[in-house]
Amino acid sequence: MYDLYDFPLYRPPSEAYSLIIQITLGCSHNRCTFCSMYKDKKFVIKPIEDIKSDIDAFRALYKNRAVEKIFLADGDALIVPTDILIQVLDYIREVFPECKRVSIYGTAIAIHQKSIEDLKKLYEKGLTLVYLGVESGDDDALKFIKKGVKAEKIVELSKKIMSTGIDLSITLIAGLLGKYQDNKMHAINTAKIITDISPKYASILNLRLYEGTELYNLMQEGKYEYMEGIEVLKEMRLILSSIETSKITRPIIFRANHASNYLNLKGNLPEDIPRMIKEIDYAIENEAINVNNYRFL
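At position 132 of the sequence shown (counting the first as 1) the number is 132 in full-length UniProt numbering, and the numbers step up by one without a gap.
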């Protein structure tokens, strides 16, 4: 099975039990200052013949097992031309007829390049969920991490995706700006972008620094100081308390229970915000936080 993958291989936490099929290698953007995931990979769209061959090989491996969820990797698989994606989805339906959900990583650039008609076709062919790394709702923070897009555009593109029937899962990062910068607007504007998008899923991770990334190098040079523990929880509290609940247009399934998080939180927005804030307050008051040795990797 491992011969079918070009490592490193990544997937969202919620895809832990999904079959992963690589239709691209690497990430087409690959410039975010905090990310090390695909630094050693050159971005490539795999030939459709190779993708189909992989799908056949996985079917042989799982011949006695139902595969209900499939995740398409690598980091920006949505960038693949629509006609090729349709061929992939058609072949998945043919080879894995029991599959109930196909999901994919997408960037803002990839969503921008797809027309509404393209996205509707992909939804009709079985693409049901897109994961989008939003990271922050603050333009200064987005510029700092070289995301290549402003918050207003992220909201526009997110609504574009959801208008076609495809569900959206957004990821944000707590502690992103470190101790040297004002985190208040990052937190407040991150709350705003959660509200403005109102995706089906929203998750907040804590920043991890990886050797070789621009942010790690800034820390080594004394130009960036990592923020952790109670300070990150205070930022999480500000994010949740700044959400304008009356403006959320649909219930949001919220998670902050990644291995990187200092406190595991989960609930639905807006109804569970008061409970989660109480949990944060208790953790801060009692210093009851998750501590691990994986902040710098």
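Virtual Cβ for every residue (Gly too), placed ideally from N, Cα, C.
These numbers were taken from a predicted model, which means no experiment stands behind them.
Task: Simplified DSSP assignment, three categories, for residue 246 - done: Annotated three-state conformation of residue 246 is helix, per DSSP.
Task: Residue of 21, 287 and 75 minimising C-alpha distance to residue 230 - done: Ranked by Cα distance from residue 230, the first of 21, 287 and 75 is 287.
Task: Same chain, Cβ closer than 8 Å to residue 120, neighbours up to 5 away in sequence not counted - done: Hits under 8 Å: 164 and 165.
Task: residue 103: first and last residue of the uninterrupted beta strand (DSSP E) it sits in - done: Counting along the chain, the beta strand (DSSP E) containing residue 103 begins and ends at 101-106.
Open item on the list: So for residue 87, helix, strand or coil by DSSP?
Closed with: The answer is helix: DSSP assigns residue 87 an H, G or I state.
- [ ] Report yes or no: do the segment 76-83 and the segment 113-133 share at least 3 C-beta pairs separated by less than 8 Å?
- [x] Yes: at least three Cβ pairs fall under 8 Å.
Task: Presumed contact (8 Å Cβ cut-off) between residue 192 and residue 137, rounded CB distance - done: Confirmed, about 5 Å.
Task: Buried versus exposed, by CB contacts within 10 Å (16 or more), residue 262 - done: Under this definition residue 262 is a buried residue.
Task: Whole-angstrom distance between residue 273 and residue 100, CA atom to CA atom - done: When rounded, the distance between both Cα atoms is 31 Å.
Open item on the list: Check for me: the alpha helix (DSSP H) holding residue 181 runs from which residue to which?
Closed with: Membership of residue 181 in any alpha helix (DSSP H) is not indicated, and neither H nor E is assigned to it by DSSP.
Open item on the list: Quick check on the DSSP output: the alpha helix (DSSP H) that includes residue 152 runs from which residue to which?
Closed with: Segment 151-162, the alpha helix (DSSP H) holding residue 152.
- [ ] With a 10 Å radius around its C-beta and 16 neighbouring C-beta atoms as the bar for buried, classify residue 98 as buried or exposed.
- [x] So residue 98 ends up on the exposed side.
Open item on the list: At the level of alpha carbons, what is the spacing between residue 196 and residue 160?
Closed with: Their Cα atoms are separated by approximately 13 Å.
Open item on the list: Which same chain residues end up closer than 7 Å to residue 293 when comparing Cβ atoms and leaving out the 5 residues on each side of it in sequence?
Closed with: Any answer about residue 293 is weak, because its pLDDT of 43 lies below 50 and its placement is not dependable; what the coordinates show is given next. If we look at residue 293 and ignore the five residues flanking it on each side, it has no Cβ neighbours.
TODO: Using a threshold of 8 Å, state whether the C-beta atoms of residue 67 and residue 19 are closer than that.
DONE: Cβ distance < 8 Å, so residue 67 and residue 19 count as in contact.
Open item on the list: Just to confirm the assignment, what range does the alpha helix (DSSP H) spanning residue 61 have?
Closed with: First-last of the alpha helix (DSSP H) with residue 61: 48-61.
Task: Supposed contact pair residue 23 and residue 88 - C-beta distance, whole angstroms, cut 8 Å - done: Indeed, because the Cβ distance is near 6 Å, the residues count as touching under 8 Å.
TODO: Could you tell me the distance, in whole angstroms, from the CA atom of residue 56 to the CA atom of residue 47?
DONE: For residue 56 and residue 47, the distance between alpha carbons rounds to 15 Å.
Task: Beta-carbon separation (whole angstroms), residue 203 vs residue 248, contact threshold 8 Å - done: So it is not a contact: roughly 16 Å between Cβ atoms.
Open item on the list: Is it buried or exposed, residue 9, if we count other Cβ atoms within 10 angstroms and call 16 or more buried?
Closed with: Exposed, because fewer than 16 other Cβ atoms sit within 10 Å of the Cβ of residue 9.
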